[in-house]
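Mapping of the sequence shown onto our numbering: residues 992 to 1328, in sequence order. Below you'll find the structure, written out as structure tokens, and then a few comments.
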Amino acid sequence: MSPTPYNDTSSWGIVPAWGYAVVLESTITSILQGAVLWGFWPTSTAPTDLKLQATEPKGHWIEISDHRQKLMHIYNRYIELPRSSVSLPSPSFTTGELGDMASNALFRGVWEGAYLLSQYVFSSSPQTRSPIHPLGIDIKWTDADADLSSATLVSLSASSKTARSFAYHLSNRPASAGPLGLLQVTSSPLPISAAAKVLQPPYPTRTIAYSEICETLEWIASQKASKIVIVDFGARDNILNQLVESIKNHPVLRSYTLAIIQVGSQQKVYTDEDVLVTRKEMSRLGKEPISTLSHRCGINGYALRVVVYQTCELSGAKEYPELAELRGAGKDSVKGK
């Protein structure tokens, strides 16, 4: 039992984090006691119950508990570490392995989010890698929606970890896949500008402070694009609105197609009123949200213990194994025994 005032569940909760957990008990024959799972956990030493269903590729699992079905699919995906790297039934790790696990806990989640954004939401090869809507495979997202070859991309809160990872993945795309240019908006323009020079992307970049955002419209226009894609990784108050209104009032840019992808939110404590206002703004601006949880939980570490329960397994190969995190249980889910 938590001490006062932390035992008031109406005001306090447990912050989730990416990390690893050791299986204490399991009714799934292929997951042994002592196995290690990667996934999204409460930062607590108390046991956590999971209801898991097998997916592709082997060793990947989906959490199908009813209370978790409104989460983005990536938060319900768990991956078992290869047994060759785990000493069962009581796993122990070397200093090097613990260092790798710590790095994964800190960076893997944001790297994956940016990878999926670059490789699937904005697929550079739709013939071999079908575009995926930011909210998953069940929502229509066309080749034209995914196309950046005629777009200027604006990254808001460009110094965030996810935004920096996204910039890296963009820089490795074929030049023909776009974007035509990348505008990075951040409170720390100097290090982000320096990073862009190191990456040497096949398109022009510009890095500016928030106060300069409305002064760079001519640079955007100079890219001679037909579309502007704004990816908001958590910009400060009203910056997105200022940019959108400036674009709408610009004699050239106002005719461009405008797409807004919401990845994160400003890092602050949100009241219920703030949440309602944010939802209304998303609806008004027509933003495509990637995650209402975003990545603003700045704690990453090890969850220590977990209990998993058997469910019926689904079979059948998937076209893209790396998309396991985008697949929820959906209508084919089966409750645990």
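Backbone N, C-alpha and C fix where the C-beta goes; we use that ideal spot for every residue, glycine too.
Could you give the distance in angstroms between the alpha-carbon of residue i and the alpha-carbon of residue j?
| i | j | result |
| --- | --- | --- |
| N1095 | E1088 | 11 Å |
| S1285 | W1009 | Caution applies to S1285, whose pLDDT of 29 falls short of 50 and renders its modelled position unreliable; the model cannot decide the point. |
| R1059 | Y997 | 23 Å |
| D1129 | V1222 | 21 Å |
| A1026 | A1158 | 35 Å |
| H1051 | Y1066 | 13 Å |
| H1064 | R1155 | 23 Å |
| F1098 | T1086 | 18 Å |
| G1289 | V1101 | Its pLDDT being 26, under 50, G1289 is placed unreliably in this model, and the coordinates cannot settle the point. |
| L1171 | W1132 | 21 Å |
| V1112 | H1124 | 6 Å |
| Q1110 | S1162 | 12 Å |
| Q1191 | Q1253 | 26 Å |
| P1007 | I1230 | 28 Å |
| R1227 | I1053 | 34 Å |
| A1200 | T1177 | 5 Å |
| G1412 | Q1214 | Lying before the first or after the last residue shown, residue 1412 is absent from the chain, which here runs from 992 to 1328. |
| F1031 | E1209 | 43 Å |
| H1160 | F1224 | 15 Å |
| R1164 | S1083 | 39 Å |
| S1202 | T1039 | 45 Å |
| Q1233 | S1001 | 35 Å |
| L1144 | I1238 | 13 Å |
| R977 | K1061 | Missing from the structure shown is residue 977; the chain here goes from 992 to 1328 and no further. |
| T1119 | L1107 | 15 Å |
| L1126 | A1045 | 21 Å |
| E1236 | I1204 | 12 Å |
| A1037 | G1090 | 23 Å |
| L1305 | A1250 | Note that L1305 scores a pLDDT of 31, beneath 50, so its modelled location is shaky and nothing firm can be said. |
Quick one: residues in its chain with C-beta nearer than 7 Å to the C-beta of residue i, no 5 flanking neighbours on either side, listed in chain order?
| i | result |
| --- | --- |
| S1140 | S1167, A1168, G1169 |
| D1136 | P1122 |
| S1056 | K1042 |
| V1299 | Unreliable placement is indicated for V1299, whose pLDDT of 45 sits below 50; the coordinate value is still reported in the next sentence. These residues qualify, in order along the chain: V1014, S1017, I1019, I1022, L1041, L1043. |
| P1117 | D1134, A1137 |
Quick one: what's got a C-beta closer than 8 Å to residue i's C-beta in the same chain, skipping five residues either side?
| i | result |
| --- | --- |
| S1217 | S1141, A1142, Y1247, T1248 |
| S993 | W1003 |
| G1307 | Because G1307 sits at a pLDDT of 32, beneath the cut-off of 50, its placement in the model cannot be relied upon, and the following sentence gives the value as read from the coordinates. E1047. |
| M1212 | Reading off the sequence shown, one finds Ala at residue 1212, where the question assumed Met. Once the five neighbours on either side are set aside, the close Cβ partners of A1212 are H1241, V1243, L1244. |
| T995 | none |
In this structure, how does DSSP classify residue i when only helix, strand and coil are distinguished?
| i | result |
| --- | --- |
| E1016 | strand |
| E1103 | helix |
| E1071 | strand |
| G1025 | coil |
| W1052 | strand |
| R1197 | strand |
| Y1293 | Because Y1293 sits at a pLDDT of 29, beneath the cut-off of 50, its placement in the model cannot be relied upon, and the following sentence gives the value as read from the coordinates. Looking at Y1293 - three-state DSSP - the assignment turns out to be coil, as it is neither helix nor strand. |
| L1126 | coil |
| V1243 | coil |
| L1305 | Any reading at L1305 is ruled out, since the residue's pLDDT is 31, under 50, leaving its predicted position unreliable. |
| D1223 | strand |
| I1281 | Low local confidence applies: a pLDDT of 48 at I1281 is under 50, so the model's placement there is unreliable, and no value is given. |
| S1179 | coil |
| T1153 | helix |
| G1136 | Gly is not the amino acid found at residue 1136; the sequence shown has Asp there. Helix, per DSSP. |
| Y997 | coil |
| Q1214 | coil |
| S1148 | coil |
| F1084 | coil |
| N1229 | coil |
| M1063 | coil |
| F935 | This structure cannot speak to residue 935, because the chain is shown only from 992 to 1328. |
| K1188 | helix |
| G1255 | coil |
| N1095 | helix |
Can you tell me which residues form a DSSP beta bridge with residue i?
| i | result |
| --- | --- |
| W1009 | F1031 |
| S1002 | Answer by DSSP bridge pairing: none, since S1002 is not bridged. |
| G1172 | T1143 |
| Q1118 | None, per the DSSP bridge assignment. |
| T1046 | H1051 |
| A1250 | V1220 |
Grab me the residues of residue i's own chain with a C-beta within less than 6 Å of its C-beta, minus the 5 sequence neighbours each way, in chain order.
| i | result |
| --- | --- |
| N1334 | Shown here, the chain extends from 992 to 1328; a query on residue 1334 therefore has no answer. |
| S1035 | I1005 |
| T1196 | L1173, A1187 |
| L1072 | V1027 |
| Y1011 | V1027, W1029, M1092, Y1293 |
Since I believe residue j is in contact with residue i (beta carbons under 8 Å), could you give me their beta-carbon distance rounded to a whole number of angstroms?
| i | j | result |
| --- | --- | --- |
| Q1175 | T1198 | 4 Å |
| I1219 | L1244 | 7 Å |
| S1179 | S1150 | 5 Å |
| G1255 | S1148 | 7 Å |
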